[in-house]
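Residue numbers (this note's numbering), protein chains in the order written: chain A, 103 to 519; chain B, 175 to 462. Where is the CB? At the ideal position from N, CA and C, for every residue including glycine. What follows is a set of notes on a single structure, which appears directly below.
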């Protein structure tokens, strides 16, 4: 369908040229020039995120960040190799539902003339969207973390973010780096969907490998309205460090309840709820000293990050969250590919993405400050980072090459905060 | 497993169960009087929470003080829902009623999403972190206040139903609509009041929980599933049953987490539900 449209357009252009030549007037050349300008004026990019339903909170932030990136790209003159073509975002809501994701992805891929698509944030929807994109040969750039996303031999899928298994490793490695006093007893609690279960598995394996004693492993249903039963159980296990993998409300309730029950273990969270403005808004100063692993953070040590995160914060009134930050970076990655492809043809954009090697500019602003895809489409220079809430700010503290500040360790007990 | 740990689980189960109670009593009441299963009940709670949040964020009113205001507003909200929606399907088949209330639930959730975005909002009160120790168990003050509030409002409702003329008339309508009309009761009016009170109780639950929970468009879902289990366990339409069962379910959930696993707290509740349905199909307080 997309090809058909392209073919038709080429014929009309040829007809225009032919007509111009027949008339023998120089204006003909201008016509074709004008025509090409009009054609290049916009490049459609599909942007698919859940902006309603359970995952809407993150999805909306991702859409905002994508819009801001497009605004910045268009503002500095669009895609230069396409005569300054502007990015036109086709924003679609996948409603936090895998079946709907399949339908909406299929719909925008077939009805809109897309050069590339991006999005989903949640791995389970990305698995679906990337499959559809492969079928229609549209490159799909994602910041989702599941290992399987680039493990399926898909040619049109590009993953800028670290993989899920690396997060658990980062959590344990940070502890190994921090804990000189011999914090040995670990409690691992995780929300019981695919996200929590897979993250907890990587965490458990690495912790065992490094010789830690796991005193509690507990899956929980994230929709609880009271964390007391769970924290009560953590308290009884007497851990030195708690590794919770949580969503949003459960993350806040766990910390709040740990304070109430005076559980003084350090907390190294597994992302999501530990990384969002609500975490601090809901907990206030009690959020301080909590660690969490992240696939991205607004203060990682790449040159452009502080500038665009600052602009996002000014515009939307909250700091740029990890997945939204990746959404911003991905738009620049797509822009870079378009620039080098010099064409909105999705096949050419795909080849340009595969050959990408960005080590400067906003498009390189992932941890490691370098975006280059391996043969499976995964950004081989990326790794997760460890963050810590310090004086109300979520700061990157590890690895040292990504961090601008040092971690606070050991974590003071509740009564001394 | 020390005594303190189990005792702590028991106490927090009671505190949480009382809040379930306030939500379940309202749900059970709509069923008992109006004979409609209200799948939008969780959204009544959500509206109450947003209202309580707004009063705090815009006017600085502590959510505890604003509970009466929220209840008052929600009462009329409930009356409106009854007059414009429920009334039209009272004699319709069950399926039509289900579609209506589920539709209302989706509509309200999406309206909230449109108006307030998907952000998780919470209020900050000075007593949010206050705790005290009661025989070794640590008790959170806002949760205790919510529990006490739930008990007080449930008792007030019982007094209203047992002692006032309107309450007696409402019970009469619940028992037999036709006969109650013969003695001069206007059932439509009783329906309005019943749905109004039910919504007001959900609003009270919202105002009481927001100091330690959050409000977001789909918050009702987190509470209402358990409320449905409770009203079935406690016999549909039986308010005393709903409240007592709430306490049992709260404790079963909390102690279940301790002994069966944190993702099995609800499973324990559902096992109780299945056993009850098998042996006492009309619920714990129902007569077979």
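Exercise. In terms of residues, what are the limits of the beta strand (DSSP E) holding residue 287 of chain A?
Worked result: For this step, residue 287 of chain A is matched to residue 185 along the first chain. First-last of the beta strand (DSSP E) with residue 287 of chain A: 287-293.
Problem set entry | Uninterrupted alpha helix (DSSP H) stretches inside the stretch 198-241 of chain A (no shorter than 4 residues) | 200-213 and 225-237
For this session: Please list the residues of the stretch 321-333 of chain A that have a C-beta atom closer than 7 angstroms to any C-beta atom in chain B, keeping them in chain order.
Result: 321, 322, 323, 325, 327, 328, 330, 331 and 332
For this session: Output the distance between the C-alpha atoms of residue 237 of chain B and residue 350 of chain B, rounded to the nearest integer angstrom.
Result: Residue 237 of chain B sits at position 63 when you count from the first residue of the second chain. Residue 350 of chain B sits at position 176 when you count from the first residue of the second chain. Each residue's alpha carbon lies about 39 angstroms from the other.
For this session: Please classify residue 322 of chain A: does DSSP put it in a helix, a strand, or coil?
Result: For the purposes of this step, residue 322 of chain A is taken as residue 220 along the first chain, with counting starting at 1. The answer is strand: DSSP assigns residue 322 of chain A an E or B state.
Problem set entry | Buried or exposed by the 16-neighbour rule on C-beta atoms within 10 Å, applied to residue 466 of chain B | Since the first residue shown for chain B is 175 and the last is 462, residue 466 of chain B is missing from the structure and cannot be characterised.
Exercise. Should residue 382 of chain B and residue 324 of chain B be called a contact, given that it needs their Cβ atoms to be closer than 9 angstroms?
Worked result: Indexing the second chain from 1 puts residue 382 of chain B at position 208. Indexing the second chain from 1 puts residue 324 of chain B at position 150. Their beta carbons are under 9 angstroms apart, which means residue 382 of chain B touches residue 324 of chain B by this criterion.
Exercise. What are the start and end residues of the alpha helix (DSSP H) that includes residue 434 of chain A?
Worked result: Sequence index remark: in the first chain, residue 434 of chain A carries index 332 (1-based). First-last of the alpha helix (DSSP H) with residue 434 of chain A: 424-443.
Exercise. By Cβ distance below 6 angstroms, which residues in the same chain neighbour residue 412 of chain B in space, the five residues on each side in sequence not counted?
Worked result: As a first step, residue 412 of chain B must be located in the second chain, where it is residue number 238. 459.
Exercise. Taking C-alpha atoms, which residue in A:267, A:493 and A:313 lies nearest to residue 486 of chain A?
Worked result: As a first step, residue 486 of chain A is located in the first chain; it is residue number 384 there, counting from the start. Ranking the options by Cα distance to residue 486 of chain A, first place goes to A:267.
Exercise. Does the distance from the CB of residue 368 of chain A to the CB of residue 347 of chain A come in under 9 angstroms?
Worked result: On the first chain, residue 368 of chain A is found 266 positions in, with the first residue counted as 1. On the first chain, residue 347 of chain A is found 245 positions in, with the first residue counted as 1. Their beta carbons are not under 9 angstroms apart, which means residue 368 of chain A does not touch residue 347 of chain A by this criterion.
Problem set entry | residue 195 of chain A: contacting residues in chain B (beta-carbon distance under 9 angstroms) | As a position in the first chain, residue 195 of chain A is number 93, starting the count at 1. Near residue 195 of chain A there are no residues of chain B at all, since even the closest Cβ is about 10 angstroms away, more than 9 angstroms.
Exercise. Are there 16 or more other CB atoms within 10 angstroms of the CB of residue 503 of chain A, so buried, or fewer, so exposed?
Worked result: Start at 1 with the first residue of the first chain, and residue 503 of chain A comes out as number 401. Answer is exposed; the Cβ neighbour count stays below 16.
Problem set entry | residue 400 of chain A - containing alpha helix (DSSP H), residue span | As a first step, residue 400 of chain A must be located in the first chain, where it is residue number 298. Unbroken run through residue 400 of chain A: none, as it is neither H nor E.
Exercise. Are residue 396 of chain B and residue 244 of chain A closer than 9 angstroms when you measure CB to CB?
Worked result: Locating residue 396 of chain B in the second chain gives position 222, counting from the first residue. Locating residue 244 of chain A in the first chain gives position 142, counting from the first residue. No, they are not a contact pair.
Exercise. For residue 154 of chain A, which residues in chain B fall below 7 angstroms Cβ to Cβ?
Worked result: As a working note, residue 154 of chain A is residue 52 in the first chain. Correct list: 284 and 287.
Problem set entry | Straight-line gap, residue 212 of chain B to residue 204 of chain B (C-alpha atoms, nearest Å) | For this step, residue 212 of chain B is matched to residue 38 along the second chain. For this step, residue 204 of chain B is matched to residue 30 along the second chain. Distance between the alpha carbons of residue 212 of chain B and residue 204 of chain B: 7 angstroms.
Exercise. Can you name the residues of chain A whose CB is closer than 9 angstroms to the CB of residue 439 of chain B?
Worked result: Taking the first residue of the second chain as 1, we reach residue 439 of chain B at position 265. Neighbours of residue 439 of chain B on chain A, chain order: 322, 323, 326, 331 and 332.
Problem set entry | Own chain, CB closer than 8 angstroms to residue 443 of chain B, minus 5 neighbours either side, in chain order | Locating residue 443 of chain B in the second chain gives position 269, where the first residue counts as 1. Here the set comprises 400, 403, 423, 426, 427 and 430.
Problem set entry | Cβ shell of residue 341 of chain B (< 6 angstroms), same chain only, five flanking positions each side left out | Taking the second chain and counting its residues from 1, one reaches residue 341 of chain B at position 167. Only 334 and 335 meet the Cβ criterion.
For this session: Can you grab the Cα-Cα spacing for the pair residue 290 of chain A / residue 515 of chain A, in whole Å?
Result: By 1-based counting over the first chain, the position of residue 290 of chain A is 188. By 1-based counting over the first chain, the position of residue 515 of chain A is 413. Cα to Cα, residue 290 of chain A sits roughly 20 angstroms from residue 515 of chain A.
For this session: Check the Cβ of residue 436 of chain B against every Cβ in chain A and list those closer than 9 angstroms, keeping chain order.
Result: As a first step, residue 436 of chain B is located in the second chain; it is residue number 262 there, counting from the start. Those are 291, 294, 320, 321, 322, 323, 326, 331, 332 and 335, listed as they occur along chain A.
Exercise. DSSP state of residue 160 of chain A, grouped into three classes?
Worked result: Here residue 160 of chain A refers to the residue found at position 58 when the first chain is read from its first residue. Looking at residue 160 of chain A - three-state DSSP - the assignment turns out to be helix.
For this session: Using a Cβ cut-off of 9 angstroms, pull out every chain A residue sitting near residue 183 of chain B, in sequence order please.
Result: Start at 1 with the first residue of the second chain, and residue 183 of chain B comes out as number 9. Within chain A, the residues near residue 183 of chain B are 330, 331, 334 and 335.
Exercise. Under the three-state reduction of DSSP, which class applies to residue 195 of chain A: helix, strand or coil?
Worked result: Locating residue 195 of chain A in the first chain gives position 93, counting from the first residue. Residue 195 of chain A falls in the strand class under three-state DSSP.
Exercise. Among the residues of its own chain, which have a CB less than 8 angstroms from the CB of residue 103 of chain A, if the five just before and after it don't count?
Worked result: For the purposes of this step, residue 103 of chain A is taken as residue 1 along the first chain, with counting starting at 1. Caution applies to residue 103 of chain A, whose pLDDT of 41 falls short of 50 and renders its modelled position unreliable; the value that the coordinates give is listed next. Hits under 8 angstroms: 212.
Exercise. Mind pulling the alpha helix (DSSP H) runs of 4 or more residues that sit fully within the stretch 310-376 of chain A?
Worked result: 330-339 and 351-362
Problem set entry | Where residue 488 of chain A falls: helix, strand or coil (DSSP) | Locating residue 488 of chain A in the first chain gives position 386, where the first residue counts as 1. Residue state, collapsed to three classes: strand.
Problem set entry | chain B within 9 angstroms of residue 371 of chain A, Cβ atoms only | In the first chain, counting from the first residue as 1, residue 371 of chain A sits at position 269. No, residue 371 of chain A lies away from the interface with chain B (no Cβ there is under 9 angstroms from its Cβ).
Exercise. Which one of B:385, B:188, B:368 and B:224 has the shortest CA to CA distance from residue 285 of chain B?
Worked result: Reading the second chain from its first residue, position 111 is the one you call residue 285 of chain B. For residue 285 of chain B, the nearest C-alpha among the options comes from B:224.
Exercise. Mind listing which residues of the stretch 341-353 of chain A have their C-beta closer than 7 angstroms to chain B's C-betas, in chain order?
Worked result: 350 and 351
Problem set entry | Helix, strand or coil at residue 295 of chain B [DSSP, three-state] | Here the question's residue 295 of chain B lines up with position 121 in the second chain. Residue 295 of chain B falls in the strand class under three-state DSSP.
Exercise. Interface residues of chain B around residue 361 of chain A at Cβ under 9 angstroms?
Worked result: Working through the first chain from its first residue, we reach residue 361 of chain A at position 259. Residues of chain B passing the Cβ test: 303 and 305.
For this session: Closer than 8 angstroms, Cβ to Cβ, to anything on chain B: give me those residues from the stretch 383-409 of chain A, in chain order.
Result: 383, 384, 386 and 388
Exercise. Any C-beta of chain B sitting closer than 9 angstroms to the C-beta of residue 476 of chain A?
Worked result: In the first chain, residue 476 of chain A corresponds to position 374, counting from 1. Residue 476 of chain A does not count as touching chain B.
Exercise. Taking DSSP as the reference, what is the three-state secondary structure of residue 519 of chain A?
Worked result: The residue you call residue 519 of chain A lines up with position 417 of the first chain. Three-state DSSP puts residue 519 of chain A in coil, outside helix and strand.
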